[in-house]
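Asks: Below you will find the structure I want to go over with you.
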Amino acid sequence: MKMKLAEIAKAINAQNDIEQWKDVEVTSVSFDSRHLDQGSLFVPLQGAQDGHQYVPSAFTNGAVASLWASDHEITDQTHPLLVVSDPLAALQQLGKYYLHKINPIVVAVTGSNGKTTTKDMIASILSTQFNVAKTYANFNNEIGVPVTLLNMESNTEAVVVE
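In the working numbering, the protein residues as written are 535 to 696.
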C-alpha cells in the first residue's frame, strides 16, 4: 500500500481538514501500536481497551497518521489525525476502496474447517502465475480482511482471503 493522506481522507470521508498533512505517505495499516511499520496508519479500535489511548505510542513506534473517532476529544494537534464517526467502519471502507483501486483477482475461502490450509494451498498455486497476497495467519474477520487488503502491494494480481 502506498497512498497519500489526502487520498485516504477522501476515501473514508474524514470529517476534518488535513491540508497541512495531505502529502504524508502511508505505506501500511495497523491496529496494534506495538507492532507497526514505519509509515503506518494506526486504527484505534474499541475492544477491552479503547484504542485511542494507544495513539501516542503508535506515533512513537512509527505511525505517520491515525484514525480518530469523532466522539473522542482531540488531544493531539501535532500529528495527523483523520476524524471519522467509526474507525472500524473507516478501516473497512478504506479496504474496499484500495481493493477496487488495485483490482486483483479475489479468491475468498469460507467454511467451518480447513480454511487456512486451503487458503495457503490456493495462494501457492496462484503464485506460480500471479503476484499473490493472502490473509496473514487467520486474520479472517471484519478487522483482518481489510488489513490484509490494505497491506497488499500495488502490483498484486490476486488476493486470497478467508
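Every residue gets a Cβ at the ideal spot worked out from N, C-alpha and C, and that includes glycine.
Computed from a predicted structure; not experimentally measured.
Check each candidate in P638, L633, Q663 and N672 and name the one with the smallest Cα separation from T652.
Replies: Stepping through the sequence shown from its first residue, residue 652 is reached at position 118. With distances taken between Cα atoms, T652 lies closest to N672.
Asks: Thinking C-alpha only, which one of D610, V618, T594 and P680 is nearest W602?
Replies: In the sequence shown, residue 602 corresponds to position 68, counting from 1. Here the closest residue by C-alpha is V618.
Asks: Report yes or no: do the stretch 581 to 595 and the stretch 677 to 684 share at least 3 C-beta pairs separated by less than 8 Å?
Replies: no
Asks: Would you kindly work out how many angstroms separate the C-alpha atoms of E696 and S661, rounded to a whole number?
Replies: One-based indexing of the sequence shown puts residue 696 at position 162. One-based indexing of the sequence shown puts residue 661 at position 127. Roughly 17 Å separates the two Cα atoms.
Asks: Using C-beta distances below 6 Å, list every residue in its chain close to N550, excluding the 5 sequence neighbours before and after it, in chain order.
Replies: In the sequence shown, residue 550 corresponds to position 16, counting from 1. Here the set comprises V617.
Asks: Whose C-beta lies closer than 8 Å to the C-beta of L570 among residues of the same chain, with five residues either side of it excluded?
Replies: Position 36 of the sequence shown, counted from the start, is the residue given in the question as residue 570. Closer than 8 Å at the Cβ level, and outside the excluded window around L570, lie S562, S564, F576, A592, N595, G596 and A597.
Asks: Taking the C-alpha atoms as reference points, what is the distance between Q587 and I659?
Replies: Against the sequence shown, residue 587 aligns to sequence position 53. Against the sequence shown, residue 659 aligns to sequence position 125. Distance between the alpha carbons of Q587 and I659: 42 Å.
Asks: E553 and P638: beta carbons closer than 9 Å?
Replies: Looking up residue 553 in the sequence shown gives position 19. Looking up residue 638 in the sequence shown gives position 104. No, they are not a contact pair.
Asks: Out of E607, S688, N674 and T609, which has the shortest C-alpha to C-alpha gap to N647?
Replies: Along the sequence shown, one-based indexing puts residue 647 at 113. Of E607, S688, N674 and T609, the residue nearest in Cα terms is N674.
Asks: Using CA coordinates, which residue listed in D566, R568 and M537 is at the minimum distance from W555?
Replies: Counting from 1 along the sequence shown, the entry for residue 555 is found at position 21. Checked all of D566, R568 and M537; the closest Cα to W555 is M537.
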